[in-house]
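Asker: Before we start, here is the structure in question, set down as structure tokens.
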Amino acid sequence: MKSLIRGERRWEISPLPEENLVDQIATSLSCVHPFAVLLAHRGGGDWRRLIDPDIDRFHSPFLLSGMEEAVARVISAINNKDTIYIHGDFDADGLTGAAVLYQGLLPLFPSRTIKVEVGNRENGHGLSKKFVQHAIGEGFNLVITVDCGISNIEEIAILREAGIDTIVTDHHLPTGEIPAAVALIDAHQDTDSYPNRHLAGVGVAFKLICALYERLNRPTPYELLDLVALGTIADLVPLAEGPEIENRALVRKGFSLITRGEGSSLGLQVLAKRLSINIKRISARDIGYFIAPKLNAANRAGDPKVAFLLLTTRDRNRAEYLTEILLDYNRDREIAQRDLIAQAEEQLASNGANPRDDGIVVLSGQHWNEGILGLAASSLA
């Protein structure tokens, strides 16, 4: 069998940047030569923006197609005292996005009129039939999705037939037909002119809040950027160059809030402390390798709603309690992952398969946890 790993694709080495630019960077930063080369490659003459991007790199949220319609519908909801049902995806990006949207809307609505649901692996990504029926049964007026919805054609049509409007905020690629939502915000639409097509789902949710607050003449709630930084790092979107440097600016500002203890999420601070992370020097590595995996453990081995509640609680005792539940989930995930890997290795040994020679090997087992399959496969690769 032809190996897909050893195919016909070949690496192309980019030419080295101008040496005088590299020398300028090395001198300015007193840094080693390889780091100066990296900055010159990625930033060119605008390399300083990679080191210290600022808020002026934020693009206007109204450049996103559908933003005007979304803001108008939310303002109508405020005026009409509508009830809102937020649906976030169950990974770290969707959880932080749901938290950003919820906390951004909370000052504008009575808390009893906003409900949040995050998906789970049993019902799959996006809007489920169960969620749709619950929204209809409870009589909600408006559904807002976070990090999902672009492919939920049928579910949103059912909501529309029931008289429930939907605002979709997503960052995944449209698959062709788009849902009949009152507003669809996704920079990957063909008609979209937003410069940064690689906002994370949490970034799109934050843009909706920014646009809404701007239209209402309220100060932008930049304190939410701690969660935006968390979700952006967790979702591995580009940070380096071009229009996507907006993502770096979002993360940089969010980290600044976290280190000063001025972010919106007490739960994030409590979780970081419990993991022995120095909050004053938090890094992308801390987020990517320690904090985000604990949030994702909830969807792999427990209830994702626990992670959402941790991110939004304002009670320290409750935050500490929810943190311990997350850590229990993570321990369960580790045990299940070890067991699954052991079973997979037994299969490999029994059938003589060799991924290095065969290219791709497919293994299967009864009752294998879908939330752990990807992690186990990565460990085996």
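Take any residue in the sequence shown, count from 1 to its spot, add 48: that is its number in our numbering. Glycine is no exception: its CB is placed at the ideal position from the N, C-alpha and C atoms.
(1) Taking Cβ to Cβ, would you say isoleucine 201 is nearer than 8 Å to aspartate 234?
(2) How far does the beta strand (DSSP E) with histidine 135 in it extend, from its first residue to its last?
(3) Under the three-state reduction of DSSP, which class applies to valine 80: helix, strand or coil?
(4) Determine the contact status of glycine 145 and glycine 279, defining contact as a CB-CB distance below 8 Å.
(5) Expressed to the nearest angstrom, what Euclidean distance is found between the alpha-carbon atoms of arginine 308 and threonine 193?
(6) CB-CB under 8 Å to isoleucine 330, same chain, minus the five flanking residues each way: which ones, in chain order?
(7) Among Pro267, Ile325, Val216 and Gly400, which residue has its Cα nearest to the Cα of valine 191?
(8) Using the Cβ count rule (16 or more neighbours within 10 Å means buried), how would you classify tyrosine 377?
(9) Quick check: what's the CA-CA separation for valine 180 versus glutamate 394?
(10) Can you name, in chain order, every residue of its own chain whose Cβ lies under 7 Å from the Cβ of alanine 259, other than the five neighbours on each side?
(11) May I have the straight-line CA-CA distance separating aspartate 218 from proline 243, to the nearest angstrom?
(12) Taking just the CA atoms, how far does glutamate 294 sit from histidine 107?
(13) Under 8 Å, do glutamine 391 and glycine 413 count as touching if we go by C-beta distance?
(14) At what residue ranges does the segment 161-187 contain a whole run of the alpha helix (DSSP H), taking only runs of 4 or more?
(15) Does alanine 228 pass the burial test, meaning 16 or more other C-beta atoms within 10 Å, or should it be called exposed?
(16) By DSSP, does alanine 118 sit in helix, in strand, or in coil?
(17) Compute the beta-carbon to beta-carbon distance between leucine 175 and cysteine 196, rounded to the nearest angstrom, for a pair I have assumed lies under 8 Å.
(18) DSSP three-state label for lysine 50, please.
(19) Tell me whether aspartate 213 sits in a helix, a strand or coil according to DSSP, three-state version.
(20) Using the C-alpha atoms, what's the distance from lysine 342 back to phenylalanine 254?
(21) Where do the N-terminal and C-terminal ends of the alpha helix (DSSP H) with alanine 297 fall, by residue?
(22) Is leucine 190 helix, strand or coil when you go by DSSP?
(23) Give me whichever residues DSSP pairs with leucine 232 in a beta bridge.
Answerer: Reading it off the structure:
(1) As a position in the sequence shown, residue 201 is number 153, starting the count at 1. As a position in the sequence shown, residue 234 is number 186, starting the count at 1. Going by C-beta atoms, isoleucine 201 is not nearer than 8 Å to aspartate 234.
(2) In the sequence shown, residue 135 corresponds to position 87, counting from 1. From DSSP, the beta strand (DSSP E) with histidine 135 extends over 132-136.
(3) Mapped onto the sequence shown, residue 80 falls at position 32. Residue state, collapsed to three classes: coil.
(4) For the purposes of this step, residue 145 is taken as residue 97 along the sequence shown, with counting starting at 1. For the purposes of this step, residue 279 is taken as residue 231 along the sequence shown, with counting starting at 1. It is a contact, given that the beta carbons lie within the stated cut-off.
(5) Here residue 308 refers to the residue found at position 260 of the sequence shown. Here residue 193 refers to the residue found at position 145 of the sequence shown. Between arginine 308 and threonine 193, the C-alpha separation is close to 31 Å.
(6) Sequence index remark: in the sequence shown, residue 330 carries index 282 (1-based). Same-chain partners within the cutoff: Phe303, Ile306, Thr307 and Ala320.
(7) Translated into positions along the sequence shown, residue 191 becomes position 143. Of the candidates Pro267, Ile325, Val216 and Gly400, the one whose C-alpha sits nearest the C-alpha of valine 191 is Val216.
(8) For this step, residue 377 is matched to residue 329 along the sequence shown. Looking at its Cβ environment, which holds 16 or more other Cβ atoms inside 10 Å, tyrosine 377 is buried.
(9) The sequence position of residue 180 within the sequence shown is 132, counting from 1. The sequence position of residue 394 within the sequence shown is 346, counting from 1. Valine 180 and glutamate 394 have their C-alpha atoms some 42 Å from each other.
(10) Here residue 259 corresponds to residue number 211 of the sequence shown, with the count starting at 1. Contacts found: Pro109, Phe110, Met115 and Val119.
(11) Counting from one through the sequence shown, the residue named residue 218 turns up at place 170. Counting from one through the sequence shown, the residue named residue 243 turns up at place 195. Those two C-alpha atoms are separated by around 16 Å.
(12) As a working note, residue 107 is residue 59 in the sequence shown. As a working note, residue 294 is residue 246 in the sequence shown. In this structure, the straight-line span from the alpha carbon of histidine 107 to that of glutamate 294 is close to 7 Å.
(13) Locating residue 391 in the sequence shown gives position 343, counting from the first residue. Locating residue 413 in the sequence shown gives position 365, counting from the first residue. It is a contact, given that the beta carbons lie within the stated cut-off.
(14) As far as the segment 161-187 is concerned, its whole alpha helix (DSSP H) runs of at least 4 residues are 177-186.
(15) Against the sequence shown, residue 228 aligns to sequence position 180. It is exposed - the Cβ of alanine 228 has fewer than 16 other Cβ atoms within 10 Å.
(16) Reading the sequence shown from its first residue, position 70 is the one you call residue 118. Here alanine 118 sits in helix by DSSP.
(17) By 1-based counting over the sequence shown, the position of residue 175 is 127. By 1-based counting over the sequence shown, the position of residue 196 is 148. The pair is a contact, with the Cβ atoms about 7 Å apart (cut-off 8 Å).
(18) Here the question's residue 50 lines up with position 2 in the sequence shown. Summary for lysine 50: the model assigns pLDDT 40, below 50, so the residue's position carries little reliability; its value from the coordinates is reported in the next sentence. Coil at lysine 50, not helix or strand.
(19) Translated into the one-based positions of the sequence shown, residue 213 becomes position 165. Strand, per DSSP.
(20) Position 206 of the sequence shown, counted from the first residue, corresponds to residue 254. Position 294 of the sequence shown, counted from the first residue, corresponds to residue 342. In a straight line, the C-alpha of phenylalanine 254 is about 23 Å away from that of lysine 342.
(21) Looking up residue 297 in the sequence shown gives position 249. Per DSSP, alanine 297 is one residue of the alpha helix (DSSP H) stretching across 293-308.
(22) Mapped onto the sequence shown, residue 190 falls at position 142. In the structure shown, leucine 190 sits in a strand (DSSP, three-state: E or B).
(23) Mapped onto the sequence shown, residue 232 falls at position 184. Residue pairing for leucine 232: DSSP places it in a beta bridge opposite Val216.
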